[in-house]
Amino acid sequence: MAKDEHDERQIRCRRLGHVVYFSYCRAPGRETPCPKIADCWFEKFDVAEFLRTHYTDDEINEILEPPKPKMATLVELIQQAQERAKRQEKEGGAGTAEGKGGRGK
Ligand code: SF4
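Residue numbers for the sequence shown follow the numbering used here, so the first one is -13 and each next one is one higher.
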């Protein structure tokens, strides 16, 4: 089965609100398919077989993993920034001392 074998199939996308081709669902502006690909297409053809044929188990798990809520991502970014700041403090703060007065005139 070629990867583009189902590309001409069409379905109404519940996210976009209009008809899309399978070609879009399997590569929606990036290499990996839309995370909803199995939910949307299972009634039209054996999309599970399509995924098994063209992707590894790890890739399939990654594709079908639900996206993290934006709030969780934001919390993670804040935690990473806090950890980075702590690390810089422990390393002696040399960078911050150099930074003082560097911007002022
Ligand atoms: S797989 Fe994604 S892009 Fe394709 S119809 Fe479903 S929600 Fe829309």
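For every residue, glycine included, the Cβ atom is placed at its ideal position computed from N, Cα and C. Owing to the predicted nature of the structure, the values given are computational and were not obtained by experimental measurement.
Return the Cβ separation of residue i and residue j in integer angstroms, given the expectation that the two are a contact with Cβ distance under 8 Å.
| i | j | result |
| --- | --- | --- |
| V33 | I23 | 6 Å |
| E51 | P21 | 7 Å |
Given a cut-off of 8 Å on the beta-carbon distance, is the pair residue i and residue j in contact?
| i | j | result |
| --- | --- | --- |
| D(-10) | S9 | yes |
| F31 | H(-8) | yes |
| F28 | M(-13) | no |
Please report how far the alpha carbon of residue i lies from the alpha carbon of residue j, in whole angstroms.
| i | j | result |
| --- | --- | --- |
| V6 | T18 | 16 Å |
| R12 | L63 | 29 Å |
| L60 | P53 | 13 Å |
| Q74 | R16 | 36 Å |
| N47 | K72 | 34 Å |
| D44 | R70 | 30 Å |
| E77 | R38 | 48 Å |
| R1 | Y41 | 24 Å |
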